[in-house]
Structure formats: C-alpha cells, structure tokens
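Some notes on the structure that comes next.
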Amino acid sequence: MAEPLKPEGPEGEGRRRSGPPPGGLTVPGEGRRRQSKQSHSGHRMSTGGGARGATTNTGIRRARIQYENTYRTEPMAKFRSDLAYGIIEELFERKLKGVKYDPKQCQDTAKTLAAEIRTKVKELKYDRYKCVVVVTIGQRQDSELVLASRCLLDTKWDTFATYNFENYDIFATGIVYAFFFE
Amino acid sequence: MAKESNFVVEEVSNIVKESVEGVIGGGSYQPIKVTQWTSNIVEQCLSHLTELKKPFKYIVNCVIMQKTGAGLHTASSCFWDNTTDGSCTVRWENKTMYCVVNVYGLAM
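Protein sequence lines correspond, in order, to chains A and B.
Per our numbering, the first sequence starts with residue 1, numbered consecutively.
Per our numbering, the second sequence starts with residue 1001, numbered consecutively.
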C-alpha cells in the first residue's frame, strides 16, 4: 500500500507531518537552499527536468525555491570611498607615469582606465551598489580647465571618490560615484 | 502609476542645453568667473532635473576648458541596470571655450 504523497515544507527531512506545513515552500531570502528527501515505498516520481522527459526515481525531490522580498532598505556595509580612492590612485600612477599626450593613445587609455577601475570597484563586492566611473585625460598646454560635479543622492549611503594626477605633459582626473540601489 | 521611470536622453539633453546657454551663452572665457559658471550650470541642471519628479538619482559633471589647441579626453564606465539607467553628454562650444556636460541617471 503506497503512502500518500505529502507536500514538502522547510522541515521536510523525511519526517511525517500530521498537517500541511506552514508557509508552503517559501524560504526567507537570505540565500539558503533546502533539499528535502522523501522515501516512498513503491512510488515512482519524476524529478522535474521536463526537457529530459525520462522519469527517474532518485528518491530526492527538489523543492522549487521561491525567495521572499528582503525588505532591506539599507546596505549591509556602506561603500568606503577611501578604498575607491586607493584603486584610482594605484591605477593612475601605474598606467600614466611618464605618458606623453597622443590623441589616439590617450583616447584608448581613458577608456581602458575607466573599465579597469570599474572592474576593480566591482571586486570590492559591495552588495546592491551601482557605480559610475569618469576618467578625464587632457593635455597640459597653457590652458585652464575647471571641472565641477554635483549629485542628487542620499548622503547617508551614497558617496564618491576623486583623484587628480599630473605629469609634465598630461593631467588626469578619475571620479568614482557609488550609489546604493534601493 | 504609469509614470515613465526610464532615463529619457532627449529630455535631459534639452534641459542641459538650456542651462548652458543660460549661464555662458554669449560670454567669452574669463578665469575669474569660470568656477562660478561651472557651479551655476551644474546647479541649474540639477534643479531642473529634480522638477521632472522622476525616481532617479543624478550625477551632473561639467568641464569648461579654454580653447588653446590642447586636447581633452573623457571616458566613463558604469555598472548599472541598462534598462532603466542612462547617461547623456552635451558638448557646447563658442569661440573661446569648450563646455562638456555629462548627466548620469540611476533609477531607484
């Protein structure tokens, strides 16, 4: 005589439950996955995988994971602008030391620098932060230049970092803006 | 709540052009006034952008450079959601100076 199929719950580790489990299949969204095992005598079940089409009885039935909203309005860790400053400084000093102004080369340098800074900022692994990196490289030739920037942001969690670099022929400015994604 | 929450480049570009024209429209490069000009352009852009009442955070960047034949390159790299966020760059010049304004909009 086959046992009746029981719906899976978060505690469904092969235990018998007298009623339907609370809350169905949803798991709080902190990234935990649960695998429930069920052993039935004489029952054959397909374990999802509709594309495969075959029915296999592995005895393990994977529950469909549904994450709840986190309702987290603040980041776990605030973005540290001093780390971003360090990244820009290191990359500029390494890549722009002794560089002479050349229109085509500086164009590519600016693009690659911006992409590299962005990659390194992403490696800091700040959760739910968007970032914008702006790199400006110019020639030093008796001209004046003023760069101004204003932002509409949430001062509690959003921040930016700026670094200025100069050598005898070029100047460069790197700005990283980090904004929390609510 | 059918209000558009995508970054509309045209709208923002018009706002920026108006602000730049308003501040440095007919003038020529003056070292004393430049700092004030950049601040004014940026602040005007920002206040008009907030009047759009969209759920966005903005970054406005403005560079004013004197025309002496020197070269300038700007590059930006962004880590965001392509479907809702965007940027807009406006280049303006007259006989004595260049003005480049970048606006980045990040959806909330």
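For every residue, glycine included, the Cβ atom is placed at its ideal position computed from N, Cα and C.
Predicted model only: the values in this text are computed from it and were never measured.
Only those residues of the region 1055 to 1071 of chain B whose C-beta falls short of 7 angstroms from the nearest C-beta of chain A are listed: K1057, Y1058, I1059, V1060, N1061, C1062, V1063, I1064, M1065, Q1066, T1068, G1069, A1070 and G1071. Beta bridge pairing from DSSP links I170 (chain A) with A:Q139.
Around the beta carbon of M1065 (chain B), 16 or more other beta carbons sit within 10 angstroms, so the residue counts as buried. Residue pairing of Y163 (chain A) in beta bridges, as defined by DSSP: A:G174. Contact note: F1079 (chain B) reaches chain A through R118, K122, K130 and C131, using a C-beta cutoff of 7 angstroms and chain order.
Restricting attention to A:E123, A:L124 and A:L113, the CA atom closest to the CA of V133 (chain A) is found in A:L113. Taking a cut-off of 8 angstroms on C-beta distances, the region 1069 to 1086 of chain B does not touch the region 1032 to 1043 of chain B, as fewer than three cross pairs fall below it.
In this structure, D142 (chain A) sits away from T1096 (chain B), with a CB-CB distance that is not shorter than 8 angstroms. For S1005 (chain B), no beta strand (DSSP E) run applies, since DSSP gives it neither H nor E. Under the three-state reduction of DSSP output, F79 (chain A) falls in the coil class, being neither helix nor strand. Counting the other Cβ atoms within 10 Å of the Cβ of G1086 (chain B) gives 16 or more, which makes it buried.
When rounded, the separation of the alpha-carbon atoms in E144 (chain A) and M76 (chain A) is 42 angstroms. Taking a beta-carbon distance threshold of 8 angstroms, P103 (chain A) counts as an interface residue toward chain B. By the Cβ-count criterion, G1026 (chain B) is exposed, with fewer than 16 other Cβ atoms from all chains shown falling within 10 Å of its own Cβ. Look at E1043 (chain B) here: in three-state DSSP terms it is helix.
In chain order, A114, V132, V133, V134 and V135 make up the part of chain A whose C-beta sits under 8 angstroms from the C-beta of S1076 (chain B). Residues of the region 140 to 156 of chain A that bring their beta carbon within less than 8 angstroms of a beta carbon in chain B comprise R140, Q141, D142, S143, E144, L145, V146, L147, A148, S149, R150, C151, L152, L153 and D154, in sequence order. Contact with chain B is found for G138 (chain A), since one of that chain's Cβ atoms lies less than 8 angstroms from the residue's Cβ. Residues of chain A with a Cβ closer than 7 angstroms to the Cβ of S1005 (chain B) do not exist; the shortest Cβ-Cβ separation is about 13 angstroms. Per DSSP, the unbroken beta strand (DSSP E) holding V1101 (chain B) starts and ends at M1097 to A1107. By the Cβ criterion, the region 152 to 164 of chain A is not in contact with the region 1007 to 1024 of chain B, since fewer than three pairs of Cβ atoms, one from each stretch, lie closer than 8 angstroms. Per DSSP, reduced to three states, the secondary structure at F92 (chain A) is helical. Straight-line spacing of the CA atoms in P1055 (chain B) and E182 (chain A) works out to 11 angstroms. Under the 10 Å beta carbon count, I1032 (chain B) is surrounded by fewer than 16 other beta carbons and is classified as exposed.
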